[in-house]
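Structure, as structure tokens:
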Amino acid sequence: MLLKVVILGDSGVGKTALLNQFVNNRFSTSYKATIGADFLTKEAFCGANARSVAIDETLVTLQIWDTAGQERFQSLGVGFYRGADVCILVYDITQPKSFENLDTWRIEFLTQASPSDTQNFPFVVIANKLDRENDRRVATQRAQTWCAKNSTSILPFFETSAKAATEVEAAFRKAAQLALSQGTMQADFIPETISFRGSPANGDSKSSCC
Amino acid sequence: MALRQSNGAPSVEQQPRYLAEASRRVQEQGFYAKKACGARDLPGALRHSSDMLRELRTSLLTPRNYYELYMKVCDELRHLDQFFQQLVADGTPAADIYERAQACGDVLPRLYLLITAGAVYVKTMQAPARDILHDLVEMAKGVQHPMRGLFLRHYLAQACKDALPDTGSKFEGDGGDVSHAVDFILRNFGETNRLWVRMQNQGPASQKKRREEERKQLKILVGTNLVRLSQLEGVDESRYASDVLPPLLEQVVNCRDAIAQPYLLDCIINVFPDEFHLATLDSFLTCCTQLRDKVCVRSILEAMMRRLANGARQEDSEVLGPPGAFDAFDACASRLVEEKKEALKVADLIQLRAALLEFAVECYPGELEYVQRCLAQTSAAIMNDVVGDDAMELETLLLAPVSSQQMTLASLLTLDDIAPLTRRLPIEQRKNVARRCLRRVLDGDDALDSPEAVVKLCAILEPLLCGDDSSMNDEALEKEQTSVASLAHLCRSESTDDVFRVLGTLRRALGKGGSRRTAYTLPALAYRGLELARVANGPEFSARKVFQFVHETATALAGVAPARALRVFLAAALEADAQCLGAISYEFVSQAFILYEDELPDSKAQVKALRSMVGTLLAAENCDAADYDALAAKATQYAAKLFRKPDQCRMVAACSHLFWPPQRVEAVEAPPPAPAAEDDDAATVEDAPPPPPAPKKEGRKRDPKRVLECLQRSLKTADACMTSAQPPISLFVEILDHYLAHLEAGNPLITPKYIAGLVALITEHVETMEAGEAREAVERHYANTRALIKARGVIELD
Ligand SMILES: Nc1nc2c(ncn2[C@@H]2O[C@H](COP(=O)(O)OP(=O)(O)OP(=O)(O)O)[C@@H](O)[C@H]2O)c(=O)[nH]1
Ligand SMILES: [Mg+2]
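Chains as they are written, first to last, in my numbering: chain V, 1 to 210; chain W, 1 to 798.
Structure, rendered in structure tokens:
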């Protein structure tokens with residue numbers, strides 16, 4: 001089963017780093033901006049129920065979409081939000097601005113992805129760069145309050161370090177589990193009339209110059 | 001049906017419909033393709049997929065909507081990819097699939113299928129990566145329609161990202177090496193960029209604006225190629241410098257496109273790591289001088305410098321500027337200024353210098369000369385006062401050195417251009433620079449150790465130190481001036497003489513602040529002076545001199561904040577007393593008394609001041625006996641003259657203790673425990689280790705009779721209050737406490753008889769009180785007092 005995960009947040013909060021840590025167990029200190037959107041896949045065993053024992057676990061393929069935090073590197077819009085099963089919001093504990101922007105990211109996601117149930121769409125919040133505790137400028141309490149305010153149920157919150165590989169696995173697992181338990185899998189396309197030959201394409205061949 | 005508007009642009013209103021229809025067809029064909037895959041029907045899967053892909057030949061969609069459709073197609077193609085892999089795993093040669101894909105008639109669908117098959121071909125290791133990749137990137141030239149071509153090439157880069165013979169990948173070796181991976185991406189990038197640039201010149205001139213808009217949306221398709229390059233493991237600093245950057249920059253310069261040039265450079269700056277940039281700065285900057293005139297080179301330089309400065313700011317970063325990098329930027333900036341003199345606005349110019357300055361401050365913390373150079377260049381460029389954008393940029397520029405963590409106070413003060421530059425700003429911005437500077441200096445906690453340093457710092461802080469303060473409310477002013485006052489604590493040095501000079505200079509600077517400011521700043525100076533007086537040992541300035549400074553400061557303060565000045569005088573009196581400087585101490589106390597008589601605004605302030613005065617007198621152990629008697633008598637007079645009766649009553653009772661002062665240690669009859677605290681104090685006055693000889697002076701006298709008089713007077717006043725609406729019974733309990741204290745202190749005139757009388761009186765009064773909070777409070781207090789009486793066995797209680 002394929003689960004689509006979208007990871008959002010300001011530039012430099014460590015989205016790519018988290019993903020790299022989760023998928024490749026690697027971390028690099030140098031910053032390389034993401035342009036547009038790109039995904040990595042990872043297979044994982046995962047249960048839909050938090051209490052479930054191994055028996056319930058299914059093998060899922062996580063398709064995790066890493067996105068550009070800088071707006072100008074997202075010039076084609078965010079069409080890839082559509083069909084997401086879960087969204088991970090990331091901020092950097094040393095950058096209050098990145099925390100304040102979580103609202104914007106969340107609202108933009110809900111508007112653009114327009115999931116069927118906006119109220120209960122699953123989000124996971126990640127406070128990254130925990131290894132820089134000394135430079136912390138966003139108190140844990142503040143983030144927890146935000147999570148409580150923005151969700152009818154509990155909004156899972158993780159403090160992670162992509163650098164030290166702290167809690168990264170747990171955060172992604174939680175995201176996968178939420179996506180699975182949501183059961184928001186889109187219904188497969190069913191054609192209106194079943195024909196034995198596929199209907200001929202009617203692309204606008206006149207304007208083609210291929 | 002008019003599918004296109006007459007001008008050839010995709011119709012805006014129809015977009016949702018076009019997209020919905022195309023998406024539906026994609027889903028439908030995708031569904032059949034998936035079914036065919038499930039049935040392991042390769043021809044069917046290819047046929048339906050190619051029908052689906054034909055939707056991408058549309059010209060009806062805007063770039064964003066085309067992107068959406070493209071994403072849907074890619075989702076479907078992933079099933080095909082898995083199907084191909086499965087077939088190969090089950091024994092079908094990948095070459096067969098590759099061949100079959102080539103058979104599709106239409107160019108665009110064929111190429112998407114070929115790419116999908118080609119990626120599987122490589123990933124299943126049945127063909128050398130380098131050959132297939134080369135094939136694909138060449139064949140993709142078959143699509144020359146810009147938008148379709150751009151997306152096709154995006155798909156190519158995306159589908160093959162895990163099929164590159166990168167260093168460490170399984171394709172390395174027979175499949176080629178990283179140079180082939182680089183070559184593949186560079187080729188794809190080159191073609192992508194060419195298509196993108198060509199868009200500009202296609203179609204009627206009237207559509208130029210719209211085309212530019214579309215191009216700007218499509219740009220990330222070009223940029224992602226650069227991301228791929230930066231992700232290659234095998235591209236290290238040296239390969240980047242020799243094989244990657246030069247062809248990229250060549251593209252940038254040769255495409256001669258005013259939209260592509262700044263965008264590509266922006267991408268290069270952002271996707272490659274700092275170390276790479278530092279290693280190749282010269283080529284990058286050379287390229288910056290070869291761009292189209294319309295391109296804003298300033299923002300490119302700025303972006304690069306800001307990135308490097310940011311990198312250097314990171315924790316445990318090694319991105320400090322290499323020698324020469326600053327000069328390279330500086331030269332490039334100067335050349336730019338020289339060449340584009342007319343086109344550059346003052347704001348642009350300042351912005352450029354600001355970026356350079358920030359770069360210098362963060363990447364070369366040791367090289368003050370760089371910072372100085374930037375400031376000097378800025379000064380030279382600004383002839384008049386600035387406003388608006390110019391002012392905003394200048395403010396940003398000044399904040400860089402002024403608020404940087406990298407700058408020590410000493411370094412900051414060598415920057416002589418800062419103060420004059422701040423004067424070019426409108427007052428509010430000037431204040432902001434000063435505030436940030438002050439905060440940084442206080443946080444940094446570096447010592448202000450010379451009068452020159454004070455003068456220089458105060459020149460920057462000037463708008464906080466003097467001038468019109470009428471626009472500030474009291475609260476804001478208090479906050480600000482409390483910070484300013486904290487400067488007094490930075491006046492530190494090995495030599496107490498130096499501290500004294502520094503403090504004096506600071507006092508002169510702050511003294512110009514006007515009454516609202518000095519009310520907050522002078523106390524801090526005076527208290528810092530008292531700290532200094534305790535340790536002053538310089539050849540030039542003795543403790544006496546320092547006390548004189550404190551005296552002057554407090555006197556100046558008396559005019560603006562008498563109550564605060566009074567406290568300073570009292571604190572000074574105690575300090576002088578501790579150093580056995582009796583005359584000086586007496587002078588300070590007298591000043592406090594004068595202030596009390598002449599200046600205090602109301603009775604509340606008087607009560608508060610009087611409490612401090614009594615406390616100070618009691619603590620002044622070394623006070624001359626005659627002086628002490630006079631002051632004690634005076635204080636008691638003040639107490640008796642207070643405006644409110646209850647205040648009179650309380651303060652007169654408090655004054656009773658003045659006539660039974662604690663005795664100096666040697667005057668007490670019984671040998672006391674070792675008075676450690678006192679020895680310590682004395683030891684700081686002179687540095688001699690043994691206990692100093694006690695001053696051979698007559699100690700303060702005790703007078704039991706005066707004590708009793710005070711208490712009785714206090715009682716009488718309390719009695720007089722009893723006629724008021726709410727008789728203050730609590731006063732009697734308080735007086736009872738004083739009696740008890742004196743009884744314990746051994747005053748022979750205070751006998752248990754008094755206690756018994758008072759107890760009877762209070763018990764009776766309490767009984768008559770109305771139930772309520774007041775009564776409860778009194779009862780609580782009284783119960784405590786009674787418990788004490790009982791514990792000490794003073795009298796029998798019922
Ligand atoms: N100390 C520390 N640094 C981190 C951590 N995570 C990321 N970083 C660093 O932060 C910088 C930015 O990380 P990225 O993962 O590239 O940020 P991003 O969110 O993907 O940024 P965009 O792609 O621009 O949206 C890099 O220099 C990382 O090395 C972390 O947990 N601890
Ligand atoms: Mg990223």
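Quick reminder that beta carbons are idealized off the backbone N, C-alpha and C, glycines included. Since the model is a prediction, treat every value here as computed from it, not as a measurement.
I need the DSSP call for residue i, collapsed to helix, strand or coil.
{"i": "Tyr-364(W)", "result": "coil"}
{"i": "Pro-451(W)", "result": "helix"}
{"i": "Tyr-31(V)", "result": "coil"}
{"i": "Asp-679(W)", "result": "Its pLDDT being 39, under 50, Asp-679(W) is placed unreliably in this model, and the coordinates cannot settle the point."}
{"i": "Ala-519(W)", "result": "helix"}
{"i": "Cys-296(W)", "result": "coil"}
{"i": "Ala-162(V)", "result": "coil"}
{"i": "Lys-345(W)", "result": "coil"}
{"i": "Trp-65(V)", "result": "strand"}
{"i": "Phe-284(W)", "result": "helix"}
{"i": "Phe-157(V)", "result": "strand"}
In terms of residues, what are the limits of the beta strand (DSSP E) holding residue i?
{"i": "Glu-57(V)", "result": "It is not in any beta strand (DSSP E) - Glu-57(V) carries neither H nor E in the DSSP assignment."}
{"i": "Ala-44(V)", "result": "37 to 46"}
{"i": "Phe-123(V)", "result": "123 to 128"}
{"i": "Cys-87(V)", "result": "86 to 92"}
{"i": "Ile-755(W)", "result": "Note, Ile-755(W): premise wrong, no beta strand (DSSP E); alpha helix (DSSP H) at 752 to 768."}
{"i": "Val-5(V)", "result": "2 to 8"}
Taking the straight line between their C-alpha atoms, what separation do you get for residue i and residue j?
{"i": "Gly-190(W)", "j": "Gly-44(W)", "result": "35 Å"}
{"i": "Leu-409(W)", "j": "Thr-41(V)", "result": "52 Å"}
{"i": "Tyr-155(W)", "j": "Thr-34(V)", "result": "17 Å"}
{"i": "Val-454(W)", "j": "Ala-488(W)", "result": "10 Å"}
{"i": "Lys-790(W)", "j": "Leu-566(W)", "result": "41 Å"}
{"i": "Val-137(W)", "j": "Asp-38(V)", "result": "20 Å"}
{"i": "Ala-17(V)", "j": "Ile-126(V)", "result": "13 Å"}
{"i": "Leu-3(W)", "j": "Ala-159(W)", "result": "Residue confidence is low: Leu-3(W) scores 49 on pLDDT, short of 50, so the model does not pin down where it sits. No coordinate-derived value is stated."}
{"i": "Ile-154(V)", "j": "Val-23(V)", "result": "26 Å"}
{"i": "Asp-162(W)", "j": "Ile-350(W)", "result": "46 Å"}
{"i": "Phe-272(W)", "j": "Ile-185(W)", "result": "15 Å"}
{"i": "Thr-785(W)", "j": "Asp-737(W)", "result": "7 Å"}
{"i": "Ala-676(W)", "j": "Pro-661(W)", "result": "A caution first: Ala-676(W) carries a pLDDT of 42, below 50, which makes its placement in the model too unreliable to give a value."}
{"i": "Ser-75(V)", "j": "Gly-223(W)", "result": "11 Å"}
On the DSSP letters alone, give me the boundaries of the alpha helix (DSSP H) that residue i sits inside.
{"i": "Leu-617(W)", "result": "603 to 619"}
{"i": "Tyr-169(V)", "result": "Sequence inspection shows Glu at residue 169(V); the Tyr mentioned does not correspond to that position. Its alpha helix (DSSP H) spans residues 168 to 182."}
{"i": "Asp-389(W)", "result": "388 to 403"}
{"i": "Arg-26(V)", "result": "Counting along the chain, Arg-26(V) falls outside any alpha helix (DSSP H), and DSSP gives it neither H nor E."}
{"i": "Gly-118(W)", "result": "107 to 123"}
{"i": "Tyr-782(W)", "result": "773 to 792"}
{"i": "Thr-414(W)", "result": "Counting along the chain, Thr-414(W) falls outside any alpha helix (DSSP H), and DSSP gives it neither H nor E."}
Would you please verify whether the beta carbon of residue i is less than 8 Å from any beta carbon of chain W?
{"i": "Ile-93(V)", "result": "no"}
{"i": "Ser-75(V)", "result": "yes"}
{"i": "Phe-123(V)", "result": "no"}
{"i": "Ser-161(V)", "result": "no"}
{"i": "Tyr-81(V)", "result": "no"}
{"i": "Ala-33(V)", "result": "yes"}
{"i": "Gly-14(V)", "result": "no"}
{"i": "Ser-30(V)", "result": "yes"}
{"i": "Gly-36(V)", "result": "yes"}
Are the C-beta of residue i and some C-beta of chain V separated by less than 8 Å?
{"i": "Arg-64(W)", "result": "yes"}
{"i": "Ile-220(W)", "result": "yes"}
{"i": "Gln-200(W)", "result": "no"}
{"i": "Asp-687(W)", "result": "The predicted position of Asp-687(W) is uncertain, since its pLDDT is 41 and thus under 50; a value taken from the coordinates is nonetheless stated next. So no, Asp-687(W) is outside the interface."}
{"i": "Cys-104(W)", "result": "no"}
{"i": "Asn-784(W)", "result": "no"}
Item to complete: Kindly provide the chain-ordered list of residues whose Cβ lies closer than 6 Å to any non-hydrogen atom of ligand 2.
Response: One residue list follows from the rule of a beta carbon closer than 6 Å to any heavy atom of ligand 2, given in chain order as Lys-15(V), Thr-16(V), Thr-34(V), Asp-66(V).
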